[in-house]
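Take a look at the structure below.
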Amino acid sequence: MENSSNNLKRSGYNFLSLLNDIKRRPEDAANELGVEIEEINAIIEGRKEISFELILKAISIWPVNPRDFFLINDDCPNGVKIMRSKESIQSSRIMDRGGFPYYEYRDTAMSSVSLFRPEWIEELCYVDNNDAENTKVQWNKGHFMHQFTYFIGDVNYYYIGEDNQKKVFVTKTGDSVYGTPFRPHTFTTRINAEKNGLILALTYGNKIAADTQQELSAIGPELGIQYHLDFETIEKAFSSILKFSIDAASISIEELSNRTGIEESRINEFLIGTFPVPGFDTIQNLAKALSINSRDLLPPDIIEDKILPKTFTDSKRWYYPSDSKAYEMIELSQSRNLPFSKSLEINILEESNDILDLKVGLHQWLYNIGKSPIRLNWKLGEKIYQENILPNDSVYIKPFVEHSMRGSGKLMVLRIGGRMTGDAQREFSNLSKHDAHRAINETQMWFDAKTEH
């Protein structure tokens, strides 16, 4: 009931914020929607759920979408959501490829708050060689999600390389790989394996998921594809970013030259995409003239491959925190294009104290890949929680929840930025602290009709 009541309050805040955005007072909304003012106020105050009929009426007369009225559901009000191994087993489904059983899928911890879509997948197809052209191998067509994969056992990972040729990453336990969306791939078990190979296939959405993808779809293919800049090389990336910014400002090359003191011919060279990227002073000069930040003109530091295999032996490791050394951190495959995605294997070294020594501003997914239970401690508000995480249990943790893991075991951890990191976090941080609180839950109209100014 408490969570239901909280959702009603959140729905009321959301409705008030929407009315503020389209500059409607409660009485305006009541008049236009054909209901009593008391009903509108009850919705705003969290005493009444907005009906779907009212939503349909609203979208027929206001420039809003049905999804604007619906909340992201909070299915872990305590900050943590746990999926036990037996629950994962209950979600088991066998999927055929090429006419025979190919994978067993099981769900792991997922939350409606985050963009995680992680799966436990057992490879049922055995191969007797490491040939990328093996006819038993059944390729998929790729999918929209980013994918981090952790390998357990003798698994072959097949993918398309930068040369458009089929490749094989012959893996063993602890190896990992990151792959961008829509890259065809597949997995098999090698013939001499003691048991079926297993992967933790951690798919997740990032900045172009959810509402962003919906906006692209609404804009349409002809227009939407023009957001795609040429990132084939660093030089082309800078050229594309600069041209987009110039077009956005409708500023002529002549005017940009006047503002920066950079010759027009030099600016045109930047736009060709074959000349070296200018130094940071020049980028700062251009950014100031375009009324943007320098970072908005910077190309990526490197052009990464779409698939990033990493062996366990090549993975860097360190102790954390430096004083207590409660954990050994092992850095798995990561992409610099996703700065808020962090994959780790964590060895738990501290068994005694339950000090909360971890707090991360990212969504987290944990899986107990060891053979021993792990004690998970966390705090939300003034309440302390503790749960034993058994082997093959998985966990979702909200951002900024203080927590710790204790025992003698091993976890596989993936952290992702979700919707709020990057540009969204910077925009949020440009608000005053008071205004930032209003952005989380709007509780006021945009003006007070009773006050004279």
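Going letter by letter, the sequence shown gives residues 784 to 1236 in my numbering.
C-beta atoms are modelled at their ideal positions from N, C-alpha and C, and glycine is treated no differently.
The model shown is predicted, which means the values in this text are computed figures rather than measured ones.
Review point. Under a Cβ-count criterion, where at least 16 other Cβ atoms within 10 Å of its own Cβ denotes burial, should Lys-1233 be classed as buried or exposed?
Key: Burial call: exposed.
**Study point:** Reference Pro-1104, options Val-863, Glu-821, Asp-1140, Asn-975, closest by Cα
**Key:** It is Asp-1140.
**Study point:** Other residues of its chain near Ser-800: CB distance less than 6 Å, five sequence neighbours each side excluded
**Key:** Cβ within range, chain order: Glu-1225.
Check your understanding: Do Lys-1108 and Leu-1127 come within 8 Å of each other at the CB atom, strictly closer than that value?
Key -> No. Outside cutoff.
Review point. Shortest alpha-carbon distance to Lys-770 belongs to which of Tyr-1110, Phe-899, Val-920?
Key: Because residue 770 is not part of the residues shown, which for the chain are 784 to 1236, the question remains open.
Practice item. Look at the Cβ atom of Gly-1200, then the Cβ atom of Ser-1118, and state whether they are nearer than 8 Å. Key: Contact: no.
Review point. Can Ala-1020 and Pro-1082 be called in contact, C-beta distance under 8 Å?
Key: Yes.
Check your understanding: Counting pairs of Cβ atoms below 8 Å between the region 921-938 and the region 959-976, do you hit three or more?
Key -> Counting Cβ pairs under 8 Å, three or more are found: they touch.
Exercise for review: Give the secondary structure of Met-784 by DSSP, where H, G and I count as helix, E and B as strand, and everything else as coil.
Suggested key: Because Met-784 carries a pLDDT of 41, less than 50, the predicted location of this residue cannot be relied on, and the following value inherits that uncertainty. In this structure, Met-784 counts as coil in the three-state DSSP scheme.
Review point. By DSSP, does Lys-869 sit in helix, in strand, or in coil?
Key: Helix.
**Study point:** Selection from Gln-1227, Phe-1058, Ser-1033 that minimises the alpha carbon distance to Glu-1237
**Key:** The first residue shown for the chain is 784 and the last is 1236, placing residue 1237 beyond what the model contains.
Check your understanding: Quick one: what's got a C-beta closer than 8 Å to Ser-1098's C-beta in the same chain, skipping five residues either side?
Key -> Excluding residues within five positions, the ones whose Cβ falls inside 8 Å are Gly-957, Ser-959, Ile-1113, Glu-1114, Leu-1115, Glu-1128.
Check your understanding: Is it true that the CB of Glu-1047 sits closer than 8 Å to the CB of Ile-1055?
Key -> Taking 8 Å as the Cβ cut-off, Ile-1055 and Glu-1047 do not qualify as a contacting pair.
Check your understanding: How about Leu-854 and Asn-790: are their beta carbons less than 8 Å apart?
Key -> The Cβ atoms of Leu-854 and Asn-790 lie closer than 8 Å to each other.
Check your understanding: From Phe-1063 to Lys-1071, what does the alpha carbon distance come to, in whole angstroms?
Key -> So the alpha carbons of these two residues sit roughly 12 Å apart.
Check your understanding: CA-CA distance, Asn-1130 and Tyr-1150?
Key -> Taking the CA atoms as reference points, Asn-1130 sits about 12 Å from Tyr-1150.
Practice item. Could you have a look at His-1186 and say whether DSSP puts it in helix, strand or coil? Key: If DSSP states are grouped into helix, strand and coil, His-1186 belongs with the strands.
Practice item. Grab me the residues of Asp-1088's own chain with a C-beta within less than 6 Å of its C-beta, minus the 5 sequence neighbours each way, in chain order. Key: Excluding sequence neighbours, Asp-1088 sits near Glu-945.
Review point. What three-state label does DSSP hand Lys-1093 in the structure shown?
Key: Here Lys-1093 sits in strand by DSSP.
Review point. Using the beta-carbon count (16 or more within 10 Å), is Asn-939 buried or exposed?
Key: Asn-939 comes out buried.
Practice item. Return the CA-CA distance between Ser-1191 and Gly-1153, expressed in angstroms with no decimal places. Key: Rounded to the nearest angstrom, the two C-alpha atoms are 9 Å apart.
Exercise for review: Sort Ser-834, Tyr-942, Thr-932, Gly-936 by Cα distance to Gln-921 and report the nearest one.
Suggested key: For the set Ser-834, Tyr-942, Thr-932, Gly-936, the Cα lying nearest the Cα of Gln-921 is the one of Tyr-942.
Review point. When the Cα of Leu-1145 is compared with those of Arg-1158, Pro-901, Gly-1205, Ala-1032, which residue comes out closest?
Key: Proximity to Leu-1145 across Arg-1158, Pro-901, Gly-1205, Ala-1032 peaks at Gly-1205, based on C-alpha coordinates.
Exercise for review: Any chance you could list the beta strand (DSSP E) runs of at least 3 consecutive residues sitting entirely within the region 940-972, in chain order?
Suggested key: Within the region 940-972, the runs of beta strand (DSSP E) that reach at least 3 residues and sit entirely inside it are, in chain order, 949-953, 959-962.
Practice item. Determine the DSSP secondary structure at Ala-825, reduced to helix, strand or coil. Key: Residue state, collapsed to three classes: helix.
Check your understanding: Hey, would you say Asn-1160 sits closer than 8 Å to Arg-1198, going by beta carbons?
Key -> No, these two residues do not count as a Cβ contact at 8 Å.
Exercise for review: Using beta-carbon positions only, say whether Val-1196 and Gln-1147 come within less than 8 Å of one another.
Suggested key: Result yes, Cβ atoms of Val-1196 and Gln-1147 sit closer than 8 Å.
Check your understanding: Which value, in whole angstroms, describes the spacing of the CA atoms of Ser-1212 and Phe-1014?
Key -> Answer to the nearest angstrom: the Cα atoms are 29 Å apart.
Check your understanding: So, are the CB atoms of Asn-797 and Trp-1229 less than 8 Å apart?
Key -> No, Cβ-Cβ distance for Asn-797 and Trp-1229 is not below 8 Å.
Point to revise | Distance between beta carbons of Ser-871 and Glu-887, contact taken as under 8 Å | key: That belief does not hold up - the Cβ atoms of Glu-887 and Ser-871 are roughly 11 Å apart, past 8 Å.
Review point. Since Leu-999 is in the beta strand (DSSP E), which residue starts that stretch and which ends it?
Key: Unbroken run through Leu-999 is the alpha helix (DSSP H), 994-1002; no beta strand (DSSP E).
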